[in-house]
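Colleague: Position one of the sequence shown corresponds to residue 14 (the numbering used here), numbered consecutively onward.
Please read through the structure below; I'll follow up with questions.
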Amino acid sequence: MEYIINNLDQTLLIELYKNLLKPRMIEEKMLVLLRQGKISKWFSGIGQEAISVGITMALDKEEYILPMHRNLGVFTTRKIPLYRLFSQWQGKASGFTKGRDRSFHFGAQHYKIVGMISHLGPQLGVADGIALASKLKDKNSVTAVFTGEGGTSEGDFHEALNIASVWQLPVLFCIENNGYGLSTPASEQYNCKDLADRGLGYGMESHIIDGNNILEVYTKVSEIAKSVRENPRPVLIEFKTFRMRGHEEASGTKYVPDELMNEWAKKDPILNYEVFLKQNGFISDEDIHALKESITHEIEEHLKVTFEEEDIIPNETDELNDLFQNFKYQEVKHNTETKEIRFIDAISESLKQSMELHKDLVIMGQDIAEYGGAFKITEGFLEQFGKDRVRNTPICESGIVETAMGLSIAGMKSVVEMQFADFVSSGFNPIVNYLAKSHYRWGQNADVVIRMPCGGGVGAGPFHSQTNEAWFTKAPGLKVVYPAFPYDAKGLLATAINDPNPVLFFEHKALYRSIRQDVPEDYFTLPFGKASMIKKGSQITVITFGAAVHWALETLNKNPNVSADLINLRTLQPLDTETIYASVKKTGRAIILQEDSLFGGIASDISALILENCFEYLDAPVKRVASMETPIPFAPQLEQQYLPKNRFENTLLELLAY
Ligand SMILES: Cc1ncc(C[n+]2csc(CCOP(=O)(O)OP(=O)(O)O)c2C)c(N)n1
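And the structure:
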């Protein structure tokens, strides 16, 4: 291995060595503890340390790094106290996740480190968001994100690189090509000579670096980072290296030919560098010995702290309190000036007023800039707020949701417009696994609103008509809002944007241009978790939300002899159970109307809650009315049959007669 010193001084050469040695020695200790059953799982980065250490040393302390499961060297080079890492791996409170997540699955804002989620790819898009924030704030910083060569096969990789290139974001995409993804050799993972070749396809500069040569990694990444700070752009870097141990310790290396192991053993990044330093008189055997002694001592001391730390005592309140970032709702009252507007105007006005209020709010979506969005909600926004804050995106829901997460990590707010709520399935993973879980896992909020133009009755077939709120009400950590009137839509969207937690904001397309209401012209907010009672009665409680509120109203208006409480839920998560229970206790009968197909929808949970909490007050079974158990069809007569609107009246009357 050839080491070229360039203009690096001795202090730096030794610092690099120390930083290489520490993760190696920690790992060697962890392997012992693993065998003793004192830690649960270990992903080894032995042989790959030069990449983590070289990149971290090449970046400024204030620049974000998003490491993977083999990048202990990032954490140690950023000087995280070792006992905190040990406690993290043992699920203790001094770790970074209060025992809620394992290994390297955590971030630490103080150290500007954002750890992975198990799904590997999503953090590539998160890096885009962090880099976008730095670019918007003119910070001249770079963000480095890691992936293995296996992870490059995920769609997230493609989406993140494409976004970064189209938007010229200052991201270093660092591929650690260590030959195997679990047992799959690189030859079965991709079919190009070098992964760096892919840069060309994304319109991106790329480099290949010997990942086992610390001086090459450090020098080249320093040069690239400097140039990216001056001229923001993404760069793809492929580091050639090798995984010297199993995927994780239990999985072994039987599938790796011995010759390969032997060949790469000769290229060990630490041993070779040590020989080089000694041969050139930069370090002596005594220095090395003293250094190792001091690291051993540090490891032992910190392990002692962790071993002596008590196990976490479970407390349900603590767990539930950490699901969301604390948000104190602030009521903003409106003036009396109102104007009759459509549902769609209410959304547009609210969004515009929030853009005026929050200077750090960015909106992203397909065709939302010049074109004004598929439904024209953001028409005129580009002129008022500029291209930086009103961003047309490539067609990549996952990558954009991840970018939104990155903006939040960097302290900015965002609203993502799904062109149709149906397409959220292409961004499902980062919503339910990243946005929903990150506050609970490591205290990082996701200040993101996802706007969801949804719903049927518009003759648009199975992929443009779904109301898929149940996909999200099931995932703890997400708030779900579903207004039925312009006034509610305007006030609730303002609150959704103020709330620092992830909010899925459902907007029923059939209401956009059909429902009008007098709505205050200025900015105002409405609270989450408060249903509205839009009709009062004594015989039965009707519970519903979205377009179904209007179906229920129509039915009740047609049957003036039915005396019903009509509850419009407005938000599904949080759910206003208080209003539901009070009404059911009064009427003794409950019917829940839901537009989605029946099984597993929110109506089922509301029904169960009523049974559990109001059973003694019921005079009849709780009824759910919902769509058929099929996808939503296209032809108008099929769609009408599918939707529950026409079945609602019969069931309501049957229940009253029970
Ligand atoms: C979406 C997803 N699919 C599969 C896995 C299981 N898995 C975890 S790591 C891994 C191999 C990753 O290989 P690579 O990206 O090359 O990184 P390396 O482990 O070699 O450092 C696999 C298949 C996962 N965590 N997430």
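Quick reminder that beta carbons are idealized off the backbone N, C-alpha and C, glycines included.
As the structure is a computational prediction, the values presented were derived from the model and not from experiment.
Could you tell me if the beta carbon of N334 falls within a distance shorter than 7 angstroms of some heavy atom in ligand 1?
Modeller: Stepping through the sequence shown from its first residue, residue 334 is reached at position 321. Because no heavy atom of ligand 1 lies under 7 angstroms away, the Cβ of N334 does not count as near it: no.
Colleague: Any idea what DSSP makes of N84, helix, strand or coil?
Modeller: Taking the first residue of the sequence shown as position 1, residue 84 is located at position 71. It is coil, neither helix nor strand.
Colleague: Starting from T584, follow its DSSP beta bridges and name the residues at the other end.
Modeller: For the purposes of this step, residue 584 is taken as the residue at position 571 of the sequence shown. Note: T584 sits in a beta bridge opposite V494.
Colleague: Do I176 and C409 have their beta-carbon atoms positioned less than 8 angstroms apart in this structure?
Modeller: Here residue 409 refers to the residue found at position 396 when the sequence shown is read from its first residue. Here residue 176 refers to the residue found at position 163 when the sequence shown is read from its first residue. Yes, the Cβ-Cβ distance between C409 and I176 is below 8 angstroms.
Colleague: Sorry if obvious, but does the Cβ on T254 come closer than 7 angstroms to a heavy atom of ligand 1?
Modeller: One-based indexing of the sequence shown puts residue 254 at position 241. Not under cutoff, so the answer is no.
Colleague: Inspect the beta-carbon positions of F295 and I510 and report whether they are closer than 8 angstroms.
Modeller: Along the sequence shown, one-based indexing puts residue 295 at 282. Along the sequence shown, one-based indexing puts residue 510 at 497. It is not a contact, given that the beta carbons lie outside the stated cut-off.
Colleague: With a threshold of 16 other CB atoms inside 10 Å of the CB of Y500, please say whether the residue is buried or exposed.
Modeller: In the sequence shown, the residue the question calls residue 500 occupies position 487. Answer is buried; the Cβ neighbour count reaches 16.
Colleague: In terms of alpha-carbon separation, which member of F541, K487, P489, H477 lies closest to Y495?
Modeller: Your numbering for residue 495 matches position 482 in the sequence shown. For Y495, the nearest C-alpha among the options comes from F541.
Colleague: Quick one: Cα of G474 to Cα of A648, how far?
Modeller: Here residue 474 refers to the residue found at position 461 when the sequence shown is read from its first residue. Here residue 648 refers to the residue found at position 635 when the sequence shown is read from its first residue. Using only the alpha carbons, I get a separation of about 8 angstroms.
Colleague: In the structure shown, what three-state DSSP assignment does V575 receive?
Modeller: For the purposes of this step, residue 575 is taken as the residue at position 562 of the sequence shown. It is coil, neither helix nor strand.
Colleague: Measure the C-alpha to C-alpha separation of K280 and T391 and round it to an integer number of angstroms.
Modeller: Reading the sequence shown from its first residue, position 267 is the one you call residue 280. Reading the sequence shown from its first residue, position 378 is the one you call residue 391. Distance between the alpha carbons of K280 and T391: 56 angstroms.
Colleague: Tell me the start and end of each unbroken alpha helix (DSSP H) in the segment 192 to 243 that is at least 4 residues and wholly inside, in chain order.
Modeller: 211 to 215, 227 to 243
Colleague: So within the segment 612 to 657, which uninterrupted alpha helix (DSSP H) runs reach at least 4 residues, ignoring any that extend past its ends?
Modeller: Qualifying alpha helix (DSSP H) stretches, in chain order: 615 to 627, 649 to 655.
Colleague: Looking at the strands, I want to know which residues DSSP matches up with R529.
Modeller: Numbered from its first residue, the sequence shown carries residue 529 at position 516. DSSP, once it has assigned bridges, lists R355 as partnering R529.
Colleague: Are the beta-carbon atoms belonging to G164 and F255 less than 8 angstroms from one another?
Modeller: Here residue 164 refers to the residue found at position 151 of the sequence shown. Here residue 255 refers to the residue found at position 242 of the sequence shown. At least 8 angstroms separates the beta-carbon of G164 from that of F255.
Colleague: Have a look at F388, R464, Y453 and flag the residue whose alpha-carbon is nearest the alpha-carbon of V414.
Modeller: Your numbering for residue 414 matches position 401 in the sequence shown. Taking only the C-alpha atoms, the option nearest V414 is R464.
Colleague: Could you give the DSSP three-state label for I553: helix, strand or coil?
Modeller: For the purposes of this step, residue 553 is taken as residue 540 along the sequence shown, with counting starting at 1. Strand at I553.
Colleague: Nearest by alpha-carbon distance to I604: which of F612, I188, A633, R583 is it?
Modeller: In the sequence shown, the residue the question calls residue 604 occupies position 591. When each option's Cα is compared against that of I604, the closest is A633.
Colleague: Going by DSSP, which residues form a beta bridge with H521?
Modeller: Looking up residue 521 in the sequence shown gives position 508. Residue pairing of H521 in beta bridges, as defined by DSSP: C467.
Colleague: What is the DSSP secondary structure of R404, reduced to helix, strand or coil?
Modeller: The residue given as residue 404 occupies position 391 in the sequence shown. Note: R404 maps to strand in three-state DSSP.
Colleague: DSSP three-state call for T480: helix, strand or coil?
Modeller: For the purposes of this step, residue 480 is taken as the residue at position 467 of the sequence shown. DSSP places T480 outside both helix and strand once states are collapsed to three, so it counts as coil.
Colleague: Output yes or no for whether 8 angstroms exceeds the beta carbon distance between G559 and A497.
Modeller: Translated into positions along the sequence shown, residue 559 becomes position 546. Translated into positions along the sequence shown, residue 497 becomes position 484. Result yes, Cβ atoms of G559 and A497 sit closer than 8 angstroms.
Colleague: Which residue wins for smallest C-alpha separation from V575, given the options S154, V345, T600?
Modeller: Start at 1 with the first residue of the sequence shown, and residue 575 comes out as number 562. Per the C-alpha coordinates, the member of S154, V345, T600 positioned closest to V575 is T600.
Colleague: Would you report the Cα separation of N190 and I64, rounded to the nearest angstrom?
Modeller: On the sequence shown, residue 190 is found 177 positions in, with the first residue counted as 1. On the sequence shown, residue 64 is found 51 positions in, with the first residue counted as 1. Cα to Cα, N190 sits roughly 11 angstroms from I64.
Colleague: For E482 and C467, what's the separation of their Cα atoms in angstroms?
Modeller: Sequence index remark: in the sequence shown, residue 482 carries index 469 (1-based). Sequence index remark: in the sequence shown, residue 467 carries index 454 (1-based). About 9 angstroms.
Colleague: Going by DSSP, name the residue or residues bridged to M377.
Modeller: Looking up residue 377 in the sequence shown gives position 364. Beta-bridge pairing links M377 to R404, V429.
Colleague: Buried or exposed: T69, going by 16 or more other Cβ atoms within 10 Å of its Cβ?
Modeller: Stepping through the sequence shown from its first residue, residue 69 is reached at position 56. Buried: at least 16 other Cβ atoms inside 10 Å.
Colleague: For E15, report the span of its beta strand (DSSP E) as first-last.
Modeller: Residue 15 sits at position 2 when you count from the first residue of the sequence shown. Counting along the chain, E15 falls outside any beta strand (DSSP E), and DSSP gives it neither H nor E.
Colleague: Since K51 sits in a beta bridge, which residues does DSSP pair it with?
Modeller: Residue numbering aside, residue 51 sits at position 38 when the sequence shown is read from its first letter. K51 is not bridged to any residue.
Colleague: For a quick check, are the C-beta atoms of I126 and T89 less than 8 angstroms apart?
Modeller: Here residue 126 refers to the residue found at position 113 of the sequence shown. Here residue 89 refers to the residue found at position 76 of the sequence shown. No, the pair does not count as a contact, with Cβ atoms beyond the cut-off.
Colleague: Could you tell me whether any non-hydrogen atom of ligand 1 is closer than 7 angstroms to the CB of M257?
Modeller: On the sequence shown, position 244 is the one that residue 257 refers to. Answer for M257: no, Cβ out of range of ligand 1.
Colleague: Using CA coordinates, which residue listed in E322, G194, A382 is at the minimum distance from E261?
Modeller: Counting from 1 along the sequence shown, the entry for residue 261 is found at position 248. With distances taken between Cα atoms, E261 lies closest to G194.
Colleague: With DSSP as the reference, please indicate the residues paired to N153 in a beta bridge.
Modeller: In the sequence shown, the residue the question calls residue 153 occupies position 140. DSSP, once it has assigned bridges, lists no residue as partnering N153.
Colleague: DSSP on L182, reduced to helix/strand/coil?
Modeller: In the sequence shown, the residue the question calls residue 182 occupies position 169. In the three-state reduction of the DSSP assignment, L182 falls in the coil class, being assigned neither a helical nor a strand state.
Colleague: Thinking C-alpha only, which one of F99, K658, R113, A382 is nearest K317?
Modeller: Within the sequence shown, numbered from 1, the residue matching residue 317 stands at position 304. The shortest C-alpha separation from K317 is found at F99.
Colleague: Can you grab the Cα-Cα spacing for the pair A209 / S219, in whole Å?
Modeller: Your numbering for residue 209 matches position 196 in the sequence shown. Your numbering for residue 219 matches position 206 in the sequence shown. Rounded to the nearest angstrom, the two C-alpha atoms are 6 angstroms apart.
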